[in-house]
Amino acid sequence: MRTLLSQEELHAGVCRMADQIAACYQGKQLTIVGVLTGSVVLVADLIRLLDLPIRVGVIQASSYRGATTIRGELSINSELMLDISGRDVLLVDDIFDTGHTLHKVIQRMREFEPTSLRSAVLLHKQGRQEVDIRPDFIAFQIPDEFVVGFGLDYEDMYRNLPYLAALEPADIADHAQMIAEAKLN
Ligand code: IMP
Ligand code: MG
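Here is the structure:
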């Protein structure tokens, strides 16, 4: 796999974004809602960089399957979420690709009437946007490639890589072989 962002670069980008978020919410209490599962690494790093009174919750959105660019039906589960009504809320996700996920999650969250609702993403994939919203905070712009690591997965794996890597056809073939071997053992 080809490294796109090193561990050091990722850390610097998350620190930069944390500073922008801290400046925006100075003197306020913040409720952070991470979109499961891709945001878990970013949320863990981000909350430890924010010197603010913070509540942390999660919401679940699932649709993306494998490296395909064809979207499946998106389902949102807000049952695990904290009470966000009358709160300043920051939604956190791993990547803004077409934007449909963030758009739908935001629509669902607005039903709970937060005082304010902004969004932060680690990555913004260029040239793929299909919706009329943009995240308020973006750590990195990346080219239109399928990436894994730092929370992002391919078939539920590679989220634990401490760096961000582009997945190429040869990597996908290796992955398929690894899965087949694991099933035999
Ligand atoms: P969107 O709805 O098209 O913006 O897609 C957002 C979701 O698709 C993200 O939360 C990711 O789970 C997934 N996704 C999009 N691009 C990638 C990628 O390059 N690698 C891994 N997951 C991705
Ligand atoms: Mg995801």
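Residue numbering for the sequence shown follows my numbering, beginning at 1277 and increasing consecutively.
Just so you know, even glycine gets a beta-carbon here, dropped at the ideal spot from N, CA and C.
Own chain residues within Cβ distance below 7 Å of residue i, not counting five before or after
i: residue 1282; result: 1439
i: residue 1354; result: 1335 and 1384
i: residue 1446; result: none
i: residue 1350; result: 1337, 1339, 1376, 1377 and 1380
Cβ separation of residue i and residue j, assumed to be a contact under 8 Å, to the nearest whole Å
i: residue 1412; j: residue 1394; result: 4 Å
i: residue 1377; j: residue 1339; result: 7 Å
Same chain, Cβ closer than 6 Å to residue i, neighbours up to 5 away in sequence not counted
i: residue 1424; result: 1430, 1434, 1441 and 1443
i: residue 1304; result: 1364
Cβ pair residue i, residue j closer than 7 Å
i: residue 1328; j: residue 1358; result: no
i: residue 1373; j: residue 1397; result: no
i: residue 1391; j: residue 1364; result: yes
i: residue 1314; j: residue 1428; result: yes
i: residue 1462; j: residue 1388; result: The structure shown does not extend to residue 1462, since the chain is modelled only from 1277 through 1461, so no value can be given for it.
i: residue 1399; j: residue 1422; result: no
i: residue 1326; j: residue 1299; result: no
i: residue 1317; j: residue 1310; result: no
Alpha helix (DSSP H) segment containing residue i, residue limits
i: residue 1321; result: 1316–1325
i: residue 1377; result: 1376–1386
i: residue 1459; result: 1445–1460
Distance cut-off 6 Å: residue i Cβ against heavy atoms of the ligand GTP
i: residue 1391; result: As far as ligands go, the structure on display features the ligand IMP and the ligand MG and does not contain the ligand GTP.
Nearest to residue i (by Cα), restricted to the options the options
i: residue 1414; options: 1454, 1284, 1295 and 1406; result: 1295
i: residue 1333; options: 1339, 1366 and 1351; result: 1366
i: residue 1312; options: 1324, 1325, 1381 and 1389; result: 1381
i: residue 1452; options: 1432, 1304 and 1352; result: 1432
i: residue 1322; options: 1349, 1350, 1292 and 1409; result: 1292
i: residue 1405; options: 1379, 1331 and 1386; result: 1379
i: residue 1409; options: 1436, 1375 and 1402; result: 1375
i: residue 1401; options: 1386, 1407 and 1418; result: 1418
i: residue 1356; options: 1300, 1454 and 1337; result: 1337
i: residue 1302; options: 1371, 1277, 1330 and 1324; result: 1330
i: residue 1285; options: 1426, 1457, 1349 and 1450; result: 1426
Limits of the beta strand (DSSP E) - the one that residue i falls within
i: residue 1290; result: Residue 1290 -> not in any beta strand (DSSP E); alpha helix (DSSP H) instead, spanning 1283–1300.
i: residue 1397; result: 1392–1401
i: residue 1353; result: 1351–1353
i: residue 1365; result: 1364–1372
i: residue 1330; result: 1330–1338
i: residue 1311; result: 1306–1312
i: residue 1414; result: 1413–1418
i: residue 1440; result: 1440–1442
Cβ-based neighbour list, residue i, same chain, cut-off 8 Å, excluding 5 preceding and 5 following
i: residue 1362; result: 1389, 1390 and 1391
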